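Q: According to my numbering, the sequence shown is numbered sequentially starting from 1. We put the beta carbon where it would ideally sit given N, CA and C, even for glycine. No experiment lies behind these values; they were computed from the predicted model shown.
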Amino acid sequence: MIRIGVIGAGFIANKFCDAVNNSNLDGKLAAIASRSLDKAEKFKEKHNFEKAYGSYEELFKDKDIDLIYVATPHGLHYNHMMEILEYNKNILCEKPFTLNAKQAKEVFKKAKNKNVFIMEALWTRFLPTIREVKELTDDNIIGDIVKLEADFCFTPNKDDDHRLFQPKLGGGALLDVGIYPITFANIFMGRPKNFNSDVKMYKTGVDIAETIYYNYPDRQAILKSALNYELPLLAKITGTKGKIIIEGLHETESAKIYDLDNKLIREVNHPHEVNGFEYEIKEAIKCIKYNKLESDIMPHSETLNVLTQMDNIRESWNFFYPQEKN
Ligand SMILES: NC(=O)c1ccc[n+]([C@@H]2O[C@H](COP(=O)([O-])OP(=O)(O)OC[C@H]3O[C@@H](n4cnc5c(N)ncnc54)[C@H](OP(=O)(O)O)[C@@H]3O)[C@@H](O)[C@H]2O)c1
Numbered sequence: 001m002i003r004i005g006v007i008g009a010g011f012i013a014n015k016f017c018d019a020v021n022n023s024n025l026d027g028k029l030a031a032i033a034s035r036s037l038d039k040a041e042k043f044k045e046k047h048n049f050e051k052a053y054g055s056y057e058e059l060f061k062d063k064d065i066d067l068i069y070v071a072t073p074h075g076l077h078y079n080h081m082m083e084i085l086e087y088n089k090n091i092l093c094e095k096p097f098t099l100n101a102k103q104a105k106e107v108f109k110k111a112k113n114k115n116v117f118i119m120e121a122l123w124t125r126f127l128p129t130i131r132e133v134k135e136l137t138d139d140n141i142i143g144d145i146v147k148l149e150a151d152f153c154f155t156p157n158k159d160d161d162h163r164l165f166q167p168k169l170g171g172g173a174l175l176d177v178g179i180y181p182i183t184f185a186n187i188f189m190g191r192p193k194n195f196n197s198d199v200k201m202y203k204t205g206v207d208i209a210e211t212i213y214y215n216y217p218d219r220q221a222i223l224k225s226a227l228n229y230e231l232p233l234l235a236k237i238t239g240t241k242g243k244i245i246i247e248g249l250h251e252t253e254s255a256k257i258y259d260l261d262n263k264l265i266r267e268v269n270h271p272h273e274v275n276g277f278e279y280e281i282k283e284a285i286k287c288i289k290y291n292k293l294e295s296d297i298m299p300h301s302e303t304l305n306v307l308t309q310m311d312n313i314r315e316s317w318n319f320f321y322p323q324e325k326n
């Protein structure tokens with residue numbers, strides 16, 4: 001039984017804990033750490049943890065913890081992971097893994113030296129619908145892919161001091177939601193040859209909306225992400241023999257495949273066992289049990305690949321985080 005510690009008792013930690021508690025997996029919620037002991041105690045009761053800590057460091061030092069799930073804002077992931085690795089703990093870190101590829105390389109290097117498992121918690125890559133659609137496109141079900149469109153645009157309804165809008169915490173649409181359309185392009189079309197983009201910056205100094213055009217020889221991906229308007233969560237993949245509509249984008253449970261006459265030729269349906277987080281958690285537990293240092297589904301190279309692309313996009317906007325200056 002893998003004993004799991006969680007740092008950051010926020011929005012996504014709740015979802016993670018629901019998945020651990022309601023799925024048939026070989027792991028258990030052992031300790032929650034928050035910057036506030038009172039908050040940690042309440043979170044412990046809510047999700048049935050064994051222990052609650054009022055600082056992250058206490059959890060890092062806990063010898064009974066096998067795996068730490070990092071659920072803090074992404075501007076803090078690098079420092080948190082570098083500290084956790086001092087205690088030789090396995091890590092599952094929320095997306096984006098770090099602010100940039102340089103930070104990620106340092107973290108992966110240290111994890112390798114410490115001989116521990118580490119993985120970016122990009123849950124979409126583990127969803128059975130995505131994995132089946134990928135197999136079907138590899139088998140040519142829609143012929144050659146010529147176009148991919150993917151949108152993740154929403155209005156979070158948060159104040160300007162929320163992590164989403166704060167440069168120091170890694171705010172902005174690209175790193176928070178743009179990572180998903182970019183991941184779709186990489187899964188189904190690979191790395192682009194080059195890109196163009198339009199961006200709208202926000203008064204707090206982060207990107208609030210962008211459209212990114214990934215150009216490949218003879219094909220293109222159009223990727224939209226935003227924190228200031230809503231679009232349906234959807235990906236559309238068009239091929240020479242038909243098209244695929246993936247409903248729900250990053251949290252998908254189903255896809256529909258059509259031929260060139262718009263006739264439905266296949267449906268892919270995989271309702272989540274719990275909320276979709278169970279698949280990445282099971283993978284992390286499996287890897288730890290088999291003494292694997294990285295997952296084949298979410299290898300370190302793919303984390304670096306996507307972060308490098310997002311670095312290049314931000315560089316083209318001349319947008320850097322405070323941690324990246326000087
Ligand atoms: N996979 C997904 O679908 C998904 C969805 C949403 C978010 N995420 C990722 O999960 C991470 C956390 O996002 P979230 O939406 O859960 O954020 P959130 O609700 O703001 O929670 C983040 C937690 O981090 C801790 N924290 C530590 N230092 C902080 C600081 N200076 N400012 C604010 N919080 C601080 C806080 O916990 P304590 O007060 O308890 O210490 C806070 O509750 C991000 O990297 C995000 O990209 C993933």
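1. With DSSP as the reference, identify every bridge partner of M119, one or two as the case may be.
2. Let me know if N100 comes out buried or exposed under the rule of 16 or more other beta-carbons within 10 Å of its beta-carbon.
3. Alpha carbon to alpha carbon, what distance is there between N140 and Q323?
4. Is G346 near ligand 1 - that is, is its Cβ less than 7 Å away from at least one heavy atom of it?
5. A33 lies in the beta strand (DSSP E); which residues open and close that run?
6. Could you check what DSSP says for V146 in three-state terms: helix, strand or coil?
7. Return the first residue and the last residue of the alpha helix (DSSP H) that V177 is part of.
8. Could you tell me the distance, in whole angstroms, from the CA atom of P167 to the CA atom of G205?
9. Relative to the C-alpha of F319, which candidate in T252, M189 and G171 has its C-alpha closest?
10. Along the alpha helix (DSSP H) that carries Y78, what are the first and last residues, could you check?
11. Got a sec: does ligand 1 put a non-hydrogen atom nearer than 7 Å to the Cβ of H272?
12. Grab me the residues of P96's own chain with a C-beta within less than 6 Å of its C-beta, minus the 5 sequence neighbours each way, in chain order.
13. Measuring CA to CA, which of E247, V199 and V274 is closest to A209?
14. Applying the 10 Å Cβ sphere with the 16-neighbour rule, what's the burial state of G27?
15. Could you tell me the distance, in whole angstroms, from the CA atom of F165 to the CA atom of T303?
16. In terms of alpha-carbon separation, which member of R314, K203 and T98 lies closest to H77?
17. Please name the residue, chosen from P128, T72, I68 and E94, that lies closest to E86 on a Cα-to-Cα basis.
18. Pick from C17, H47, A173 and D144: whose alpha carbon is nearest that of P156?
19. Taking 8 Å as the threshold (C-beta atoms), are H300 and F108 in contact?
20. Across the region 140-151 and the region 231-249, are there enough close Cβ pairs to call them in contact, namely three or more that are closer than 8 Å?
21. Tell me the DSSP secondary structure of S55 in three-state form.
22. For the alpha helix (DSSP H) containing R314, name the first residue and the last one.
23. By DSSP, does F195 sit in helix, in strand, or in coil?
24. So does P322 have its beta carbon nearer than 7 Å to some heavy atom of ligand 1?
A: According to the data block:
1. L92
2. buried
3. 44 Å
4. The requested residue 346 does not occur in the structure, where the chain is confined to residues 1 to 326.
5. G27 to A33
6. strand
7. V177 -> no alpha helix (DSSP H), and no H or E assigned at all.
8. 7 Å
9. G171
10. H77 to E86
11. no
12. H74, L175 and I179
13. V199
14. buried
15. 23 Å
16. T98
17. I68
18. A173
19. yes
20. yes
21. coil
22. H300 to W317
23. strand
24. no
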